[in-house]
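Single-structure report; data block below.
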Amino acid sequence: MAKYTNRRSKKAGLPPGTLIHIGKRKTERVKITIIDYDEAHFQEKEVKTIEE
Numbered sequence: 487m488a489k490y491t492n493r494r495s496k497k498a499g500l501p502p503g504t505l506i507h508i509g510k511r512k513t514e515r516v517k518i519t520i521i522d523y524d525e526a527h528f529q530e531k532e533v534k535t536i537e538e
């Protein structure tokens, strides 16, 4: 006789409101853009790290 396994959702048994990622994991790099502007100038710069 075949054995049946109960597959339960990863969400079952957790407290209400718990956040769980259910989509595909993305491995893309984060893009950080600094926008500096005033009345006369506009400058947009893309940086690689937060320290820049």
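Just so you know, we're using the numbering used here here: the sequence shown kicks off at 487 and counts up by one.
Yeah, the Cβ is synthetic: ideal placement off N, Cα and C, and Gly gets one too.
How far does the beta strand (DSSP E) with residue i in it extend, from its first residue to its last?
{"i": "V533", "result": "F528 to V533"}
{"i": "I506", "result": "I506 -> no beta strand (DSSP E), and no H or E assigned at all."}
{"i": "I520", "result": "I518 to Y523"}
Just to confirm, are residue i and residue j a CB contact at a threshold of 8 Å?
{"i": "I518", "j": "E532", "result": "yes"}
Please report the straight-line C-alpha distance between residue i and residue j, rounded to a whole angstrom.
{"i": "R515", "j": "G499", "result": "33 Å"}
{"i": "T513", "j": "K534", "result": "16 Å"}
{"i": "E530", "j": "I508", "result": "34 Å"}
{"i": "T491", "j": "K497", "result": "17 Å"}
Take residue i and list the residues in its own chain whose beta-carbon comes closer than 7 Å to its own, dropping the five residues that flank it on each side.
{"i": "T504", "result": "none"}
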